[in-house]
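Novice: Dropping a structure here in structure tokens format, bear with me for questions.
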Amino acid sequence: MNKAFRFTVIAIVTLTWSLVAGPASAQESITVASYGGAYMDMQRKGLFEPFTKATGIKVVEVAGVSVAKVKSMVMTKNVEWDVFISSAADYAQLIADNLIDDIDYSKIDKSVLDQLVKGSVQPKVIGAQRTAQVIAWNTKAFPGANHPNSWADVWDTKKFPGPRILPAGNYAINPIEPALLSTGEGRDKVYPLNLDKAYAQLTKIRPSVIRWTNTPSGVPQALVDGEAVVGYANSTRIQELKDSGAPVDYTWNEGIIYTTYWALPKGSKNRAGALKFLDFVSRPEQQAAMAKFNISPVNQKAFDLLTPAERKNLPSAPENFSKLLELQPAAWMVPGTSAKTLYEDNIARWISWSTRK
Amino acid sequence: MSSRLFANPRLLLLPSLLLLIPCYLAPLGKLFGTSFGDEHFTLDFYRQALGDEGYMIILLRSLTISFQVTVLTVLVGYPLAYWIASAPERRQNLLLLLVAIPLWTSTLVRSFSWIILLGREGVVNQLAIAGGVYQSPVQMLYHRGAVLIGFVHIMVPYLVFPLVSVMRQIPKGLHSVGMNLGAGRANAFWLVFFPLSLPGVVSGAVLVFVLCIGFFVTPTLLGGLNDMTYVMLIEQQVNAAVNWQLAAAMSVILLVVTLFLVLVFGRFLRTSGEGSAKEVSESASPGRIVPFACTVLGYCAATWRKWRKPGRSAAGGASKLRSPLVSAWGVLTLLFLLVPIALLIPLSFSGAAYLQFPPPTWSARWYANFFSRPDWTNAAILSLQVAFSVMFLATFIGTATAVAFSRIGGWTSKILYGLVISPMFVPTLVIAVALYFALAPMQMIGTKTGLVLGHTLIALPISVIIVIGSLKRINLGPERAAMSLGAGHLRAFMSTTFVAIRPAIASAALFSFLASFDDVVIALFIAGSNSTLTKRMWEGVQLETDPTIAAVCSMLVMISIALVCWLMILNRKVEQEIAAA
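Protein sequence lines, in the order shown, are assigned to chains S and D. In this text, residue positions in the first sequence follow numbering that gives the first Met the number 0: the first is 0, and each later residue adds one. In this text, residue positions in the second sequence follow numbering that gives the first Met the number 0: the first is 0, and each later residue adds one.
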């Protein structure tokens, strides 16, 4: 009886503690959603921590962003994010679905806005960074100069044997553009997008692809482990791994460059804090801080703060940029055959393609 | 008031009904409604789900994988169970403890360890090359083989525990009598022991099969595109395509398939070691057929062996009960269960910036990283808070429900019992999807309450089953005596029966705690932007390449070991107390 009593007391105390000890912090905070992993580690050092230091506003991090997540949050009115990053064609779909709000630019320093590259300042999104997805490989499998140098090479499993790793078709960075480049017709033949042709190419490479990842670290991890010999990965991450001694390398050739944007989900809670955040991260100093991790700035003034060595591995450095294909979000917004946009068409198509052998 | 509660045990069902009706039945009802369209009634989504060849291929594939896993689990687990059951009493407990460690380790941790083991530069490949089996590394990961191995590793304990308890009830004498009468060791086994153990095999196998169908973590982490299962497809419909109606229709289809299998094969569950299920369904038992069929099967097996290897059985006549082959198999299986988990510990002390085996240098930096990162520590705190609340709720509701079931009968109690334990058979992903649809409009996604309710649902069946099992074994005499001496119902219960079932309540509490602490699937849907520790690990496995996850995993492994030991000690102490009394 005594013991039972003690058990009950402990249980009640625990329960009360569980329910009371909650997020009772009085400090103002904003919830920022981003890709997570190594990229978010960079953002934490380059953006979040300096922001908290400067404004006193805490940054609550959320790892993993997708149009679907924003859509579910807005549809169910469970909007937990205040600001999030959006890449490639995702932001265009967000606008088409009316899931993000207009940015109140009067709250952002006018002189900073003027420093941003063309196309960064749009009614509903503001440029965050420029980043590139490139052909990357394991240097144990392909030592020296004999490595895949184009998407046609990646598709050529006789010349460059070994398992491939590609992003899943429903991931933000999908394999459609690479598939269209793999035909060898050149960068200017990618747009307008032809999904039939792209999926025919994906079917060809499918037996050699060990995994279609849904995460930013999927490709780098598989290349480091030697699980795959070649893949489609973020240049920043591969450069970082290469610098830390991992057996990986990449080429700028036929890589894809795109702008990532910050956006404000409809019905988010701390709008004022989010706008302060946008103002802060667009400044040259913060843009330069991110550039030190080899992520291209959208603020032109940031280039002045970088040394030539720091500029060398940026996707937007002229000698690199000339080899890249610029992603065209508008090409994903044309009407699809079974859905409102080609973007949505592709997701449905991917699921159905992946269920068949 | 509380005394009256015990006077009418039906009222003790109230807490579980208060939980199950709004948090389980209503969401499943809503899911059912959603599957027919939100605004007006339509069968479009069923047409889409059942008419699509690809979706049907995946449904069949899920069933095939589950079947293969079940067969493999029985092949691997039966000799282990036999080895354990035939060991001396004291060693039995130690061996069961070793089997319990993987059972108590998060399934996510266990699947993660296979990623490291089966990689191209993983331990298995390295050993195979060193041993000259392969010339160059072979792809093992993201392959059907990896999925099957990962599944079997998780399922073996689920089979071994019920099986050992059935085998322990088989009188050892029978076996030796058989041998004394001239049957060889093999014949004595196939004719006497095997048929008597078959009910345990069948009930374990049904459990394994049903659990496999609903398992999300293992195939997602270890499989390739051609290993996609039905639950993964449902998750895609919710999280990638935002096609809720189709996801609902597919969930209902999976639910119907699973419940059909449980109802068809569920009768075999009755013969399991748990007194609970047996008792509840006793009146309607068609169960004579099962032992009969088992005997016939065993006889066939014995004759077949005789026919294949004439003369051999007679020769082994006087030898011991346990053959060295069985012991070797038992040891190998134990190693198979434990080595992958143990391997995480050295890996977590790696000095390398990415996962690599063996670690090139040693350091505790990933532990330091864990404790210095608020995203990890906050997740751990949230997990603890939720798990403690779930432990309290599930144990309280579970005990009340178990006491009620032990005191009432009739067909309503049978139906209610089925309802209370059904979250064990309903795929967790289906529960999660249903809860998500139900909680979202109430803005309860991302709340602690939502998580606690969801986890209590999946913890309740375990705690009810454990407590009922214990209630069946105890004598109600003392409670009646206490009442006849003038104690109230509650007082009589607390001072007699409650004391006797205390160890069961403690294990119910622990299992409820772990059910919540280890869950990934409910958290993936309900936790919103918050992360529980396992959800954070899940994200980590997918988003990161650093060995922090290995550090978290080995801490969890050590916690599991500590908990198992604690429970063992507690059990022994109470047994001694009871014996002394």
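Don't be surprised by glycine CBs; every beta carbon is placed ideally from N, CA and C.
Just mark S:E226 as buried or exposed, buried being the case when its beta carbon has 16 or more other beta carbons within 10 Å.
Specialist: The residue in question, S:E226, is buried, as its Cβ has 16 or more Cβ neighbours within 10 Å.
Novice: Comparing the C-beta of S:N169 with each C-beta of chain D, is any distance below 8 Å?
Specialist: S:N169 counts as touching chain D.
Novice: Whose Cβ in chain D lies nearer than 8 Å to the Cβ of S:P215?
Specialist: By Cβ distance, chain D contributes L542.
Novice: Kindly list, in the order they appear in chain D, the residues whose Cβ is closer than 9 Å to that of S:G225.
Specialist: Going along chain D in sequence order, the residues near S:G225 (Cβ under 9 Å) are G118, R119, E120, P136.
Novice: To the nearest whole angstrom, what separates the beta carbons of D:L116 and D:V122, a pair I think is in contact under 8 Å?
Specialist: Right, their Cβ atoms sit about 5 Å apart.
Novice: Residues of chain S with a CB under 7 Å from the CB of D:P218: which are they?
Specialist: Here the premise fails: no neighbours, minimum Cβ distance about 13 Å.
Novice: Residues of chain S with CB under 9 Å from D:Y353, in chain order?
Specialist: P219, Q220, V223, D224, L240, S243, A245, listed in chain order.
Novice: Closest to D:L93 by C-alpha separation, out of D:A185, D:Q47, D:I568, would be which residue?
Specialist: For the residues D:A185, D:Q47, D:I568, the minimum Cα distance to D:L93 belongs to D:I568.
Novice: Would you kindly work out how many angstroms separate the C-alpha atoms of D:P218 and D:G149, rounded to a whole number?
Specialist: In a straight line, the C-alpha of D:P218 is about 8 Å away from that of D:G149.
Novice: Taking the C-alpha atoms as reference points, what is the distance between S:A199 and D:L232?
Specialist: Between S:A199 and D:L232, the C-alpha separation is close to 22 Å.
Novice: Indicate whether at least one CB of chain S lies closer than 8 Å to the CB of D:F465.
Specialist: Sequence check: residue 465 of chain D is Ile here, not Phe. Closer than 8 Å: no.
Novice: Look at the Cβ atom of S:I175, then the Cβ atom of S:A144, and state whether they are nearer than 8 Å.
Specialist: No, these two residues do not count as a Cβ contact at 8 Å.
Novice: Going by alpha carbons, who is nearest to S:G272 out of S:L313, S:D103, S:A95?
Specialist: Comparing Cα-Cα distances from S:G272 to each of S:L313, S:D103, S:A95, the minimum goes to S:D103.
Novice: Chain B partners of D:V241, CB-CB under 7 Å?
Specialist: Among the chains of the structure shown, chain B does not appear; the protein chains present are S and D.
Novice: I need the boundaries of the beta strand (DSSP E) containing D:S511, first residue and last residue.
Specialist: Looking at the DSSP string, D:S511 is not in any beta strand (DSSP E); the run it does join, the alpha helix (DSSP H), is 496 to 517.
Novice: Rounding to the nearest angstrom, what Cα-Cα distance links S:S351 and D:E234 in this structure?
Specialist: Each residue's Cα considered, the two are about 14 Å apart.
Novice: According to a CB-to-CB cut-off of less than 7 Å, which residues of the stretch 504 to 534 of chain D neighbour chain S?
Specialist: Listed by position along the chain: G527, S528.
Novice: Comparing the C-beta of S:A23 with each C-beta of chain D, is any distance below 8 Å?
Specialist: Annotation note: pLDDT 49 at S:A23 (below 50); position unreliable, coordinate value reported separately. Taking Cβ atoms only, chain D never reaches closer than 8 Å to S:A23, which makes this a no.
Novice: Using DSSP's beta-bridge definition, name the partner residues of S:T130.
Specialist: DSSP output for S:T130 lists S:Y257 as bridge partner(s).
Novice: If D:T394 sits next to D:S462, beta carbons under 8 Å apart, how far is it from one beta carbon to the other, in whole angstroms?
Specialist: The pair is a contact, with the Cβ atoms about 6 Å apart (cut-off 8 Å).
Novice: Report the rounded CA-to-CA distance for S:K68 versus S:G118, giving the unit in angstroms.
Specialist: Rounded to whole angstroms, S:K68 to S:G118 spans 25 Å at the Cα level.
Novice: Kindly give me the distance between the Cβ atoms of D:T547 and D:W365, rounded to whole angstroms, as I take these residues to be in contact under 8 Å.
Specialist: 5 Å between Cβ atoms; contact.
Novice: With DSSP run on the structure shown, which of helix, strand or coil describes D:A239?
Specialist: Note: D:A239 maps to coil in three-state DSSP.
Novice: Say whether chain S places a C-beta atom closer than 8 Å to the C-beta of D:P87.
Specialist: Chain S, which has no Cβ nearer than 8 Å to the Cβ of D:P87, makes this no.
Novice: Measure the alpha-carbon distance for S:L192 versus S:G185 and round it to whole angstroms.
Specialist: Taking the straight line joining both Cα atoms gives about 13 Å.
Novice: Give me, in chain order, the residues of the same chain whose beta-carbon lies closer than 6 Å to that of D:F215; leave out the 5 immediate sequence neighbours on both sides.
Specialist: V230, L428, V520, listed in sequence order.
Novice: List, in order along the chain, the chain D residues whose C-beta lies closer than 7 Å to that of S:I346?
Specialist: The answer, in chain order, is A239, A240.
Novice: Please list, in chain order, all residues of the same chain as D:K447 whose beta carbon is under 7 Å from its beta carbon, the five residues on each side excluded.
Specialist: Counting only Cβ-Cβ distances below 7 Å, and skipping sequence neighbours, we find Q384, V385.
Novice: Name the chain D residues whose beta carbon is nearer than 8 Å to that of S:S351?
Specialist: Under the 8 Å cutoff, chain D gives D51, G53.
Novice: With 8 Å as the threshold, decide whether the Cβ of D:Q244 is near any Cβ in chain S.
Specialist: Judged by the 8 Å Cβ criterion, D:Q244 is not in contact with chain S.
Novice: Output, in sequence order along the chain, the residues in the stretch 137 to 166 of chain S whose CB is closer than 7 Å to any CB in chain D.
Specialist: Residues passing the 7 Å Cβ filter: P162.
Novice: May I ask you to report which of helix, strand or coil DSSP gives S:D248?
Specialist: The answer is strand: DSSP assigns S:D248 an E or B state.
Novice: Using a Cβ-Cβ cut-off of 8 Å, state whether D:P345 counts as contacting chain S.
Specialist: Answer no: the Cβ-Cβ gap between D:P345 and chain S never drops below 8 Å.
Novice: Report yes or no: is there a C-beta of chain S within less than 8 Å of the C-beta of D:L368?
Specialist: Note that residue 368 of chain D is Asn in the sequence shown, not Leu. Cβ-Cβ to chain S under 8 Å: no for D:N368.
Novice: For a contact meaning CB atoms closer than 8 Å, what does S:R355 contact in chain D?
Specialist: By Cβ distance, chain D contributes E52, G53, I56.
Novice: Give me the chain S residues within the contact set of D:Y141, using Cβ-Cβ distance strictly less than 8 Å, ordered along the chain.
Specialist: Result: I209, R210, E226.
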